[in-house]
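> Got a structure here, written out as structure tokens. Questions coming.
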Amino acid sequence: MSELVHPYHRFIRPTVTHSSFCPGCGDGTIAQSILRAIDGLDMDMDDFVFVSGIGCAAWIPSPLFNADVLHTTHGRPIAFAFGIKMGLTEKKVMVVSGDGDLVAIGGNHLIQNARRNIEMVVICSNNGIYGMTGGQAAPTTPMGVKTTTTPYGTFENVFEDISGLVIAAGASFVARWTTGHPRQLTASIKKAIQKKGFAFIEVISQCPVQFGRKMGVGNAVQMLEDYKNRSISIQEAKKLSKEELKGRIVVGELVDLDKPEMVEEVTRMRKKAMGGAEAAVDTGRS
Amino acid sequence: MSELVHPYHRFIRPTVTHSSFCPGCGDGTIAQSILRAIDGLDMDMDDFVFVSGIGCAAWIPSPLFNADVLHTTHGRPIAFAFGIKMGLTEKKVMVVSGDGDLVAIGGNHLIQNARRNIEMVVICSNNGIYGMTGGQAAPTTPMGVKTTTTPYGTFENVFEDISGLVIAAGASFVARWTTGHPRQLTASIKKAIQKKGFAFIEVISQCPVQFGRKMGVGNAVQMLEDYKNRSISIQEAKKLSKEELKGRIVVGELVDLDKPEMVEEVTRMRKKAMGGAEAAVDTGRS
Amino acid sequence: MATLRIYNELCKGAEECGICLYVCKEEVFQPSETMNQKGYRPPVIVNEDQCTQCENCMIFCPDLAIVVSEKKQKKGSQ
Amino acid sequence: MATLRIYNELCKGAEECGICLYVCKEEVFQPSETMNQKGYRPPVIVNEDQCTQCENCMIFCPDLAIVVSEKKQKKGSQ
Amino acid sequence: MGRTEILIGGVGGQGVVLSGILLGTAASLYDGKQAVQTQSYSSELRGGSARAEVIISEQRVTDPEVRKADILILMAEDAVGRYLPKIKPGGLLVIDSDLVKGVKPGEYEILSVPATSIADKEMNNIVVANLIILGALLKKTGLLSIASMEKAIEVSVPQKAKALNLKAFQRGLELT
Amino acid sequence: MGRTEILIGGVGGQGVVLSGILLGTAASLYDGKQAVQTQSYSSELRGGSARAEVIISEQRVTDPEVRKADILILMAEDAVGRYLPKIKPGGLLVIDSDLVKGVKPGEYEILSVPATSIADKEMNNIVVANLIILGALLKKTGLLSIASMEKAIEVSVPQKAKALNLKAFQRGLELT
Amino acid sequence: MDEKRVCTGRYFMMGNVACAEGAMAAGCEFAAGYPITPATEVANHLAEKLPQVGGAFFQMEDEISSIAAVIGASWAGKKAMTVTSGPGISLMLENIGFAIGVETPCVIVNVQRGAPSTGMPTIGIQGDMVQAKHGSHGDYEIIALCPSSPQEMFEHTVIAFNYAEKYRTPVFLLSDAFVGHMREEVVIPEADKIKTIYRKIPELGTDPLKLKGFLDENVAPMPIFGKGFKAHVTSSCHDEYGKRNLIDISALDKFVRKLSDKILKHKEEITLVERDYEGAEVVLVSYGGVSRAAAEAVLQARKKGIAAGTLRLITVWPFPGEEIEKMARKAKHVIVLENNLGQIYPYIKAEAAHFSEVSFLPPKLVGEIQDPEDILKKIEEISK
Amino acid sequence: MDEKRVCTGRYFMMGNVACAEGAMAAGCEFAAGYPITPATEVANHLAEKLPQVGGAFFQMEDEISSIAAVIGASWAGKKAMTVTSGPGISLMLENIGFAIGVETPCVIVNVQRGAPSTGMPTIGIQGDMVQAKHGSHGDYEIIALCPSSPQEMFEHTVIAFNYAEKYRTPVFLLSDAFVGHMREEVVIPEADKIKTIYRKIPELGTDPLKLKGFLDENVAPMPIFGKGFKAHVTSSCHDEYGKRNLIDISALDKFVRKLSDKILKHKEEITLVERDYEGAEVVLVSYGGVSRAAAEAVLQARKKGIAAGTLRLITVWPFPGEEIEKMARKAKHVIVLENNLGQIYPYIKAEAAHFSEVSFLPPKLVGEIQDPEDILKKIEEISK
Ligand SMILES: Cc1ncc(C[n+]2csc(CCOP(=O)(O)OP(=O)(O)O)c2C)c(N)n1
Ligand SMILES: Cc1ncc(C[n+]2csc(CCOP(=O)(O)OP(=O)(O)O)c2C)c(N)n1
Ligand code: SF4
Ligand code: SF4
Ligand code: SF4
Ligand code: SF4
Ligand code: SF4
Ligand code: SF4
Ligand SMILES: [Mg+2]
Ligand SMILES: [Mg+2]
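Structural data, given as structure tokens:
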């Protein structure tokens, strides 16, 4: 009897013996969802370059994925990814990182590249906390929550809708799911990979260790249950008032639109430049 | 016959003999609009601390305004202002800077503090260009424009609506005017000063030297004329489709809402802390 | 051919994770006492015949520790 | 009391700026040939009596180079 | 006893650092000794490597690094390769025998404590295996007084976990 | 003539730096000499201070700084206090007499050129005052050949401004 | 000093916690930072303690805004600090230069970690020593202190605040993961035994036009905000009144030199060292955690009859060159020990090489302070 | 080399433009930056020229993302560069450390300006010299070249790219506003006269598991992206395979040392100096624009019969200590000249002080290179 083999183990770097996540961490589910999307599109890991920042979520591709992976500095993966994409325009560039990385320290690169609408997939594992550094408040931590840096409860307003922010910045594809929606997540990742433009996917993900247990929200299973209870599709959500949506997680594909994509614009610009260069400025050429 | 005296010269630092702006620059109009708002509220320059970054617009308060002024580093004025406000909660803190400063390099501080909804007035002189450094493209420069760094025309999508971005980030007061609307601008600045929350005002402003003339848009007067033609009030704009609004400048007070303000939240937190401190963590106290 | 396989050494334990137990509508898994080398206790398969091959367990498992044979494949091999 | 005053030394010139000329509906200003110390040519007041004290020129002037006497004050003093 | 160097190696979540703190606190605050405790761990919150070092001495501890461990406590298999070379010839090697299998006899005495299984079966919580080991260690070596260690547990462990930790420590004392 | 040091001071927008470039280009590319041109200006785009330095020499220019100007060109009142001390005793001081008033006689020869008013009245554009001054300077000193300067203007000035600049330069040559 | 701020007593305390307690005792009112290993405990502890005395710790969006907020708060009149590790310092450098340029008192705690780049976050190395002095662009002097124990984490933090306030300048506390995460006995004295210094500010009501708030070698009183001083505080080159100047090289020269001279003039007062090299032929020069291994080695060497000694730098910046020279004039051999590849070594050698043989003993493993036995071997070798 | 890239000819060219032309000639394909005085002309010129050969200049949202994009492009296999001034470098430092840590070829042009902080943007000073070496946290070696003329702005940029590619490391071109804005004759040779080097990459098809892509003193072939190498490139401490290690100090030690040794091992090849001190008793050591004043002063001194000479550092980092020592062994007096308060001086003194008298002659005004007359006076004084 031949044993069953996990279909995605072939996408895992052979030297990796186990994921570096805590038990029950949602990041593992996100990892698998990405691999399933790639597999579902019949693509190869070599069609991709993965880029991540610093944090637990940043370890989703690094070193897990058996592909070209750039594990960068905290908050900057999208900026690195910009250079990679411009250098390897035919490859798919996917950024996978945490909410702190992408939306706190890295917030500017996120909005600027959403604006540019450069073709790139950005997957944000939003666990509402700084997992790796030990459970500090993030801009996504709900108000009033006690964290290691907010022993009296967080006192800052929170980014209620980082997907909305990315939409306002100009991204052409934006979706939000939770780790309780791995199938839908995979479907959206597939679309994101195929999108000519900046595609952002926010995944609400459980951090049972630094968020769930510490803050009395529960373990992985309880957190998944909570996501299930609070999720509402964007279609349904549109029928409700802001009040009624309080505490709910609006999931679904929030935006999918067509607009000029940056790599194509650069190509166009180059053609112009190579066609007829204008007179040189200030070279003092004789 | 006693000569007329300019009512706002008293707000100008006595050592300043003239503004440092080019002839016809909109920044001077913004400067006066601010001073008129302060005067209109019967406030004193000593009620304020002004903060600016680096750029032409950053020179609006520095050294022009006869008040406490912190002329900081490029892109960071809001972050400095955060500390000032937390240290001098009873003072009004006003940030005045350019679009490059606040929305390019400083984009993250802008959205994070809009999110926090910290009481602060931020006035962004949006001239669609990097004026001071010699006319490079900004994230606000319309697509296709030839600038010193884009000799074949800009090839990036632009932030069409930075006010919208700030709204998405969570600001409680947001308005947009052009330098063709100094009266309305002053009225909005007055409201902004009185707002308990993060108040952002975008002012579309002419840079005749690096934008107008270089790019064939014309001189100061022509640019003002153009603003006049393209402006449409938010009330009117709501009646039009996205298509119809193309090329138009939507002006008016875009958002004015009530939500928790950060300084107040901090005060509340402190009260809690002083009331009954929780057991110290890990001091190893015997 | 088996329907299910748990990679015990990859699993991080039914107590601390236990997601497969939660997402399996057919109660195919049960906690167990056996520890793996890392000190975690992977669940055991108790009702393999109840398995509908819905793949929930596999898809949710954060550690790629469960594999379910594909429905199609199963049908084909039957 | 005069209605208008231009601070010639503050003005950056009707050619390069000229905003007051543009915003004054009453055509109170005109370009002039006289240069100030900085090399700019401030406008001159030609139709002071046409001035409605709308304050446009003052409010728009980027260099705080024009002052208009306040309407109220004017009324009071009349 | 001049200077005793203790090295504890394990994985994140096992309370390796807490063991170090308890030894140091007991020695320094309640046992009239001097102690310095240092630590490091990899960034994985669970399952990553963790190490604590404690030096206990009658005089002020000048050099604060463990150079050769008088006592080496190993709580995970991973730690063996990493830290076994650090033991002093003739030193005491304490292992959690449930998790550490790959230790060959050598120039050291082995104290083998089935701490995890005891913690699991008797306390229903494997995280207090570390305290069982500390109990066994103190029983074996008399390094510190039991009262001092109990006081250290009192002040260092969160309120709701105190009883369990004390119990585990006392259980450890019964071993050997 | 070994080494001629030229310093030009004015305000932003007057073409101070362009004057420097023209002198350097003419000398270096067309007059068989060596030249180095340096510059600095404050950040205001209009009305701020601007300075250009040119050193022209038969041999390679080693030290690239103007230490004492053989020729000092002042195009704004602001520049007087700043740069007048830099003139070499016996040097030539060239001023735009429309804008520079506060120069007292001293150990230098003064060449006074009403460049701005000529540019204004005759060319209808005050920005070419700098070229009028260059013309006057070359006429006075013979520092460089006129043909070289004309070539330099050809290659350094944007297409649409060439004619005007050449005209202004030639007008300058007629002065003195 | 507010008694509530000082937790007098005897503790077995972590260095990072002791640092936070030192800040409390020194009168810190405002802290801002961004989480990073191995500095988090300082932030966590401040987050708990500061609000109890009316202050607060703010977690900012990054390190750039953290130091910016600290500088802003300092100009608002508050004693302020930030805490981070190498990657955070690298991000702060532009604004650290700003703090220098406009003479802002503030304390910057760097709990150094394995580097370069993300490196190895929980391992302490002394990798950012020269960064503190030269990391921001341009010439400037800065003050930096190097604690070697939790007790000193407390004490030096107090001194750091005092220096910051006295000299109107950012002061670095250059700790590392090793010392920051070290636990040892910490004795915190009574509140009235702790000396605290507050910045001088101009007399209230001074005519703003007469106010020389900058570029005084003797430290200009700080025209903090909110007092009617109408201070113009600019990152650009400015004169003693704060007036911007963007063209005169002489103004730039003055700007650069006065800022440096302000610190250099007071170097003697600022310099803290531990000298134990009376009659020594071989002198070990070190700082921070390494100095404890050095002390141990010298103890051993002396037992063997070798005339060895130590010079420990507590103040590493401004560089105490005079102390080095004084020592080198007496010693035959100088051995420099650092937990890095030799960052301060050239600075020491520059001052000592004319008078004695100078060598560097690198750590066997970067990240582990030298073994006293190895040091002893080196001493024996040299003194043969 | 692509002929379209090389604009062969004789020009009166600005240093910054020459730098951009050098980049073109060296094969630069990608440039990213953020506008800043006095570096803008480099960016402007690249923005015009690069697209003509299929490259591009990208204006990023800030300097942090500029260097990040450059590193990304380099891993994508492109020759890449950025250009900025001091404030921009201060922001780039974290990612410069990253580039070092993962061994990324790239060129960083710093057109230095009046500092600290915003300072005086159009005035050139040599204020960021040590920042290039120690600005990012942690120990590392870097390569930095100092041009003194527009001609060298061209030539050194080509060398910078070659070094970057050869040693898989960021290379600094440390120019300043003075040299960057200087115009002088520039002669650009024919394309085939310009030597260009491209990085080594592993053989295509190499088994990724066997690929040692990092930490080789002899420079590991770079497993660039897109070629199937499945490279794991991490900013964390890693081994030669790119595997992360966050706990073993020996791994950290290897990480730190190998990165440094890679540069130090090739120091001799990397070091470029101009020696003109045969028989000299007094030797002036300098670099960049200042070296031109030094050369002039020595000319004058020799005319007066003084045995003076110069040593000019073109490569400032890795620090050419051996060159200094060699010189100092022959000289009696060494005078160091820099357009700053003495940044490289201690490094020079450390190597020279054992053999000769070493002194620093500061610029009369920081921002203006020393007057040859003043230097001459100093030489005369010393040689009396
Ligand atoms: C410049 C810098 N600042 C801070 C850190 C420390 N740090 C590492 S991960 C992290 C937060 C990670 O949070 P998030 O991105 O939400 O990831 P998570 O761990 O929650 O998945 C921080 C602050 C760093 N590595 N670099
Ligand atoms: C860190 C840093 N990068 C770049 C610069 C150069 N710089 C000065 S002003 C400016 C742009 C200003 O643009 P904007 O904010 O739009 O102001 P404007 O001049 O258009 O009013 C830049 C890039 C700087 N001073 N600091
Ligand atoms: S700390 Fe939280 S986010 Fe990080 S691995 Fe553990 S559970 Fe996941
Ligand atoms: S460059 Fe433009 S924005 Fe700047 S002062 Fe001149 S006109 Fe105004
Ligand atoms: S979901 Fe996976 S890791 Fe979790 S308990 Fe089940 S098999 Fe183990
Ligand atoms: S495939 Fe579905 S039914 Fe079968 S074990 Fe998994 S979750 Fe249960
Ligand atoms: S106040 Fe009105 S009417 Fe009078 S001059 Fe000014 S703009 Fe014209
Ligand atoms: S608006 Fe003001 S600056 Fe402009 S021309 Fe009129 S008076 Fe002069
Ligand atoms: Mg997170
Ligand atoms: Mg702008």
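Protein chains in written order, with this note's numbering: chain A, 19 to 304; chain B, 19 to 304; chain C, 0 to 77; chain D, 0 to 77; chain E, 108 to 283; chain F, 108 to 283; chain G, 186 to 569; chain H, 186 to 569. We put the CB at the ideal spot given by N, CA and C, even for glycine. Predicted, not measured: the structure shown is a model, and the values here were computed from it.
Using C-beta distances below 7 Å, list every residue in its chain close to PRO355 (chain G), excluding the 5 sequence neighbours before and after it, in chain order.
Counting from one through the seventh sequence, the residue named residue 355 (chain G) turns up at place 170. Counting only Cβ-Cβ distances below 7 Å, and skipping sequence neighbours, we find ILE281, ALA284, ILE285, THR289, CYS291, ILE293, ILE327 and ALA349.
> To be precise: take each residue of the region 128–160 of chain F, compare its Cβ to all Cβ atoms of chain G, and keep it if any distance is under 9 Å. Which residues remain?
Listed in sequence order: SER147, TYR148, SER149, SER150, GLU151, GLY155, SER156, ALA157 and ARG158.
> Hey, how far is the Cα of ASP446 (chain G) from the Cα of SER302 (chain H)?
Looking up residue 446 (chain G) in the seventh sequence gives position 261. Looking up residue 302 (chain H) in the eighth sequence gives position 117. Each residue's Cα considered, the two are about 17 Å apart.
> Along chain G, in chain order, which residues have C-beta atoms closer than 7 Å to that of ARG278 (chain F)?
Here residue 278 (chain F) corresponds to residue number 171 of the sixth sequence, with the count starting at 1. Result: empty, since nearest Cβ-Cβ is about 30 Å, beyond 7 Å.
> Taking only three categories from DSSP, how would you classify GLY116 (chain E)?
Taking the first residue of the fifth sequence as 1, we reach residue 116 (chain E) at position 9. Three-state result, GLY116 (chain E): strand.
> Would you kindly work out how many angstroms separate the C-alpha atoms of ASN347 (chain H) and LEU550 (chain G), rounded to a whole number?
Reading the eighth sequence from its first residue, position 162 is the one you call residue 347 (chain H). Reading the seventh sequence from its first residue, position 365 is the one you call residue 550 (chain G). Each residue's Cα considered, the two are about 33 Å apart.
> Can you pull the chain H residues whose beta carbon is under 8 Å from the beta carbon of ARG189 (chain E), in chain order?
Within the fifth sequence, residue 189 (chain E) is the residue found at index 82, counting from 1. ILE432 and ASP433, listed in chain order.
> Just to confirm, is the Cβ distance from CYS19 (chain D) to GLY42 (chain B) under 8 Å?
Along the fourth sequence, read from residue 1 onward, the residue named residue 19 (chain D) stands at position 20. Along the second sequence, read from residue 1 onward, the residue named residue 42 (chain B) stands at position 24. No, the Cβ-Cβ distance between CYS19 (chain D) and GLY42 (chain B) is not below 8 Å.
> Less than 7 Å separating the Cβ of ASP117 (chain B) from some heavy atom of ligand 10?
For the purposes of this step, residue 117 (chain B) is taken as residue 99 along the second sequence, with counting starting at 1. Yes, since a heavy atom of ligand 10 falls inside the 7 Å radius drawn around the Cβ of ASP117 (chain B).
> Report the neighbours of GLY474 (chain H) on chain J: residues whose CB is nearer than 8 Å to its CB, in chain order.
Chain labels in this structure do not include chain J; the protein chains are A, B, C, D, E, F, G and H.
> Does the beta carbon of TYR148 (chain A) fall short of 7 Å from some heavy atom of ligand 9?
Here residue 148 (chain A) is taken as the residue at index 130 of the first sequence, counted from 1. TYR148 (chain A) Cβ: within cutoff of ligand 9.
> Rounding to the nearest angstrom, what Cα-Cα distance links LEU561 (chain H) and SER420 (chain H) in this structure?
Translated into positions along the eighth sequence, residue 561 (chain H) becomes position 376. Translated into positions along the eighth sequence, residue 420 (chain H) becomes position 235. Distance between the alpha carbons of LEU561 (chain H) and SER420 (chain H) is about 49 Å.
> Measuring only between beta-carbons, confirm whether ALA362 (chain G) sits less than 8 Å from chain B.
On the seventh sequence, position 177 is the one that residue 362 (chain G) refers to. False, the Cβ-Cβ gap to chain B never drops below 8 Å.
> Would you mind listing the beta strand (DSSP E) stretches within the region 116–185 of chain B that are 3+ residues and don't spill past its ends, in chain order?
Within the region 116–185 of chain B, the complete beta strand (DSSP E) runs of at least 3 residues are 138–144.
> Since PRO32 (chain B) meets chain G, which of its residues come closer than 8 Å, beta carbon to beta carbon?
Residue mapping note: residue 32 (chain B) aligns to position 14 of the second sequence, counting from 1. By Cβ distance, chain G contributes LEU394.
> What do you get for LYS236 (chain H), buried or exposed, if any count of 16 or more other CB atoms within 10 angstroms of its CB means buried?
Along the eighth sequence, read from residue 1 onward, the residue named residue 236 (chain H) stands at position 51. Sequence check: residue 236 (chain H) is Pro here, not Lys. So PRO236 (chain H) ends up on the buried side.
> Does ASP247 (chain G) come out as helix, strand or coil in the three-state DSSP assignment?
Counting from one through the seventh sequence, the residue named residue 247 (chain G) turns up at place 62. In the structure shown, ASP247 (chain G) sits in coil (DSSP, three-state: anything other than H, G, I, E or B).
> Output the distance between the C-alpha atoms of VAL111 (chain D) and GLN49 (chain D), rounded to the nearest integer angstrom.
With chain D covering 0 to 77 only, the question about residue 111 (chain D) has no answer from this structure.
> Using the beta carbon as the reference atom, which residues fall closer than 6 Å to any heavy atom of ligand 6, ordered along the chain?
Here the list is C:LEU3, C:VAL22, C:CYS23, C:GLU25, C:VAL27, C:CYS50, C:THR51, C:GLN52, C:CYS53, C:GLU54, C:ASN55, C:CYS56 and C:VAL67.
> Short of 7 Å Cβ to Cβ, which residues in the region 242–253 of chain H face chain B?
Taking 7 Å as the Cβ-Cβ cut-off against chain B, the residues of the region 242–253 of chain H that qualify are PHE242, GLN244, GLU246 and ASP247.
> Just reading off the beta strand (DSSP E) that PHE357 (chain G) is part of, what are its end residues?
Locating residue 357 (chain G) in the seventh sequence gives position 172, where the first residue counts as 1. Element bounds for PHE357 (chain G): 355–361.
> In the region 152–165 of chain A, which residues sit with their C-beta less than 8 Å from some C-beta in chain G, listed in chain order?
The region 152–165 of chain A vs chain G, Cβ under 8 Å: GLY152, GLN154, ALA155 and PRO157.
> Which residues in chain C sit within 7 Å of THR47 (chain A), going by Cβ to Cβ distance?
Position 29 of the first sequence, counted from the start, is the residue given in the question as residue 47 (chain A). Under the 7 Å cutoff, chain C gives PHE59 and PRO61.
> Determine the chain G residues that contact ARG174 (chain E) at a beta-carbon separation under 7 Å, and present them in chain order.
Numbered from 1 along the fifth sequence, position 67 holds the residue referred to as residue 174 (chain E). Per Cβ cutoff of 7 Å: ASP556.
> Going by other Cβ atoms of all chains shown within 10 Å of its Cβ, with 16 needed for buried, is SER334 (chain H) buried or exposed?
In the eighth sequence, the residue the question calls residue 334 (chain H) occupies position 149. Buried.
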